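Following: one structure in structure tokens, then a few remarks.
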Amino acid sequence: MNIVVFFSILVVVFHTAFSQTEKRCPDSKVIAPCSCYYGKLTHLFCEHLSDAETLRTVFKNSEGFLYNEVYIQYSTLQYLPQEMFKNVQVVALYLKNTTLAQVFDESPGSVEVLKQLNIENTRALSKLMKFVVVVVGPAASHMQRDLVKTLGSEFSQYASKNLEHFSLYLTETETIKPGVFADFPKLNEVAIFYGKLRTLTRDIFPTPWNGNSLYFTANQLFEIPKGLFSQMPNLQYLTLSQNQLSVLPQDAFDGNFGGIKYLALENNPLKCDCLMKWLIIDKPEMLRGKCEMPKDKQGKNLKDLKPEDFHCQ
């Protein structure tokens, strides 16, 4: 092959590949002040926004594109424009350190592509409208400058049924209503970090629930009710760290504990008496946490305890 022809073909191939990569993002000028980056995934970053119309323009100019992750951070907006989901595919949405006067200007309807939702330190000043990410129940409609105090069942009416991951962070969530996660067959992970949950009930999930990860770190849980983790055959990762739990009762799992691979109980006032012996007998692969009581076990790691350390009748 002629060397000139060879290099001509090489240039064409390179140009084609480069053009295909470029097409992963709109032209930078039409989505400013947001920025789009493509590596293995396409990311859109929008920071320090103060006008919802700016965000509307960005998404109008993104029509036909797919964003694997959209980050809206450090912003104060009147609302999120519903165009975000109208002609643009958004797989994961991250709201961080953002204040909204209301959530949407109009309801976006069901968003089937959205699979992952992450909310960190995000406030809504007026009534939270029916929202793809979180919906506050009627009792919370009068709240001002509050975060997501109540996660209500209205959530299921608008969130994508393809939802796989759901997380709240620093939202001061106190209550999860029954049935909230009942209609999401693909939901695999639920995480609520740094909330104010005092109790959980089994009926927030469907029966059975086929997810594999639950994280309730840094809440105010003081007890785990009977059957809370029953009929969760795929549950492998459970984190209950930084709560007020003194015991993890065996009947919370109702014979469903064998699949647990990782259990985190750090920073709880654990009382390592006979009610906890079962956990030492059936230790998961990874067990984290320390005893606070009784004195002879104070400060000892759960993973280091043996059944013979318990003197039970």
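Taking my numbering, the leading residue of the sequence shown gets 805, the next gets one more, and so forth.
Where a beta carbon is used, it is the ideal one built from N, C-alpha and C, also for glycine.
Values in this document were obtained by computation on a predicted structure and should not be read as measured data.
Extent of the continuous beta strand (DSSP E) to which residue i belongs
i	result
T1043	Y1041 to T1043
M1036	No beta strand (DSSP E) contains M1036, which DSSP labels as neither H nor E.
T861	Per DSSP, T861 belongs to no beta strand (DSSP E); it is in the alpha helix (DSSP H), A856 to K864.
S839	S839 to Y842
F849	T846 to E851
R1092	M1090 to R1092
N872	L870 to Q877
L1049	Unbroken run through L1049: none, as it is neither H nor E.
L1067	Y1066 to A1068
C1095	C1095 to M1097
Beta bridge counterpart(s) of residue i as assigned by DSSP
i	result
Q920	A896 and H969
Y1019	A995 and T1043
F908	L884
I980	L955
I1011	Note on residue identity: the sequence assigns Thr, not Ile, to residue 1011. Paired residue(s): none; T1011 is not in a bridge.
N1105	K1094
T1003	T1003 is not bridged to any residue.
Cβ distance (whole Å) where residue i is taken to contact residue j below 8 Å
i	j	result
L1039	L1025	That belief does not hold up - the Cβ atoms of L1039 and L1025 are roughly 17 Å apart, past 8 Å.
Q877	K900	4 Å
E924	Y973	4 Å
L991	E968	6 Å
K1087	K1101	About 15 Å separates the two Cβ atoms, so there is no contact after all.
F970	V994	5 Å
T858	P837	7 Å
S1045	A1068	5 Å
N1014	P1037	7 Å
N1016	L1001	With a Cβ gap of about 20 Å, N1016 and L1001 do not count as contacting.
Limits of the unbroken alpha helix (DSSP H) element including residue i
i	result
A1056	Per DSSP, A1056 belongs to no alpha helix (DSSP H) and is neither H nor E.
I952	A small correction: the amino acid at residue 952 is Val; Ile does not occupy that position in the sequence shown. Neither: V952 is in no alpha helix (DSSP H) and is coded neither H nor E.
V834	S832 to I835
I1085	K1081 to I1085
C-alpha distance - residue i paired with residue j, whole-angstrom precision
i	j	result
F1035	E867	In the sequence on display, residue 1035 carries Gln and not Phe. Distance between the alpha carbons of Q1035 and E867: 43 Å.
L848	D1113	54 Å
Q1131	F997	Because the chain spans 805 through 1117 in this model, residue 1131 falls outside it and cannot be assessed.
G843	M888	22 Å
Q886	D831	22 Å
Y1066	Y871	32 Å
R1092	T979	26 Å
N922	Y898	5 Å
N1071	T1003	17 Å
P982	I1008	4 Å
P1012	G1031	12 Å
D987	G1103	42 Å
P1053	I1084	12 Å
M1097	P1073	8 Å
L1042	T1021	10 Å
K833	S879	20 Å
K1075	V892	52 Å
N966	K1094	38 Å
G1062	Q920	28 Å
G999	F985	18 Å
F869	Q906	26 Å
A856	L955	25 Å
S854	K827	28 Å
T926	H1115	49 Å
H852	T903	11 Å
S839	C850	7 Å
E1027	P989	28 Å
P1111	L918	47 Å
Short CB-CB distance (under 8 Å) between residue i and chain C
i	result
Q1040	Annotation note: the requested chain C is absent from the structure, which comprises a single protein chain.
Classification of residue i by the beta-carbon crowding that lies within 10 angstroms, buried from 16 upward
i	result
T1005	exposed
C1078	exposed
A896	buried
L845	exposed
G1059	exposed
M1090	exposed
N1105	exposed
Y841	exposed
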